[in-house]
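Inspection log for the structure reproduced underneath, given as structure tokens.
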Amino acid sequence: MLAACLVVVVITLVRHRTAAVDEDPSDTPDVIEYMTMWIGVVYAIVLGLAIAGVWEARSAAQDHVQAEAQALHEISERVQVYPADVRDRIRDDVNAYVGHVVDTEWKAMADHGRVTERGTELLDRVRKDVTDYEPTTDFQAQAYQPLVDQVAAADQARNARADSVAPTMPGVVWFGLLGGGVVTIGMIFALQIRRTARELILAGLFSALIAFLLFLIWDFDAPYSRGITASAEPFLALFPDIEG
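For what it's worth, the numbering used here labels the leading residue of the sequence shown as 282, then goes sequentially.
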């Protein structure tokens, strides 16, 4: 933002010093003002759509985490009807998976943009624990299918989380955003903004605002690895014994 302000101020001051003595800053063709207005409107719409898109992607990423944590929590609770040895084994494997996600996999997503093979192995172990047990009572039989469904829900949420790791904005969109920002700011100089300090300040603030919005889009574009990220808080809330 400071760099955008500085560029606009420097170019404006240089242009002011090199302008012809008889140049009239107020003599701007109406068509340029009209074009500048519409370029600003179109670019504002594009920025708004881009911000809405990346914010929606970030919210969806957080929903995937919540769904995965909730499904695993349901597994831990529903195995209460199983024998103690089976129940403890399933809960231990669920806790091992959650601990790996919070302590190791989250960092791998932030640093390398992918989930870990170890996490996949631990979730497969939970699935094997659940599906391999043969219920011995009607009460256990009633709990078996819901447990299998919750394992499937956790696996689906994990896959969705893995798909959400990478940035969502295509390169061509970034080309349009950056190019549009340059054109929009460049039209300021077509209007000959160099007459008063007030106009200079407004031009700088306008440029800083565009820089801030572009940074906001970039920050939201990778839900798990940049400033305002989707967090592992749902895992920590539902599994308080796991330390992140």
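C-beta atoms are modelled at their ideal positions from N, C-alpha and C, and glycine is treated no differently.
Item, Value
"For TYR533, the nearest candidate out of ASN440, THR385, GLY467 (CA to CA)", "Nothing about residue 533 can be reported from this structure: the residues present for the chain run from 282 to 525 only."
"The stretch 371-381 touching the stretch 342-360, judged by at least three CB pairs closer than 8 Å", "yes"
"Cβ neighbour criterion (16 or more within 10 Å) applied to ILE523", "buried"
"Where THR397 sits in the DSSP three-state scheme", "coil"
"Buried versus exposed, by CB contacts within 10 Å (16 or more), PHE516", "buried"
"Reduced DSSP category for VAL346 - H, G, I as helix; E, B as strand; rest coil", "helix"
"8 Å contact criterion, which SER445 and HIS345 should meet: CB distance rounded", "6 Å"
"Given GLY400 as reference, the closest of THR417, ALA365, VAL454, ASP436 once Cα atoms are compared", "ASP436"
"Whole-Å CB distance - VAL407 paired with VAL375, under 8 Å assumed", "6 Å"
"Whole-angstrom distance between PRO451 and GLN361, CA atom to CA atom", "47 Å"
"For GLU349 and ALA434, the rounded distance between their alpha carbons", "7 Å"
"Simplified DSSP state of GLU415, which is helix, strand or coil", "coil"
"Candidates ILE469, ALA513, ALA492, of which the one nearest MET316 by Cα", "ILE469"
"For GLU514, the first and last residue of its enclosing alpha helix (DSSP H)", "514-519"
"ILE320 beta carbon less than 7 Å from that of ILE498", "no"
"Integer Cβ distance of ALA484 from VAL289, believed to fall under 8 Å", "5 Å"
"Residue span of the alpha helix (DSSP H) that contains TYR363, given as start and end", "Premise fails: TYR363 is in no alpha helix (DSSP H) and is neither H nor E."
"C-beta contact flag for ALA447 and GLN343 at 7 Å", "no"
"Three-state class that DSSP yields for SER445 in the structure shown", "coil"
"Reduced DSSP category for ALA511 - H, G, I as helix; E, B as strand; rest coil", "coil"
"C-alpha distance - ALA389 paired with SER488, whole-angstrom precision", "36 Å"
"TRP336 versus ALA285: straight-line alpha-carbon distance, rounded", "24 Å"
"Check whether THR465 and ALA338 have beta carbons under 7 Å apart", "no"
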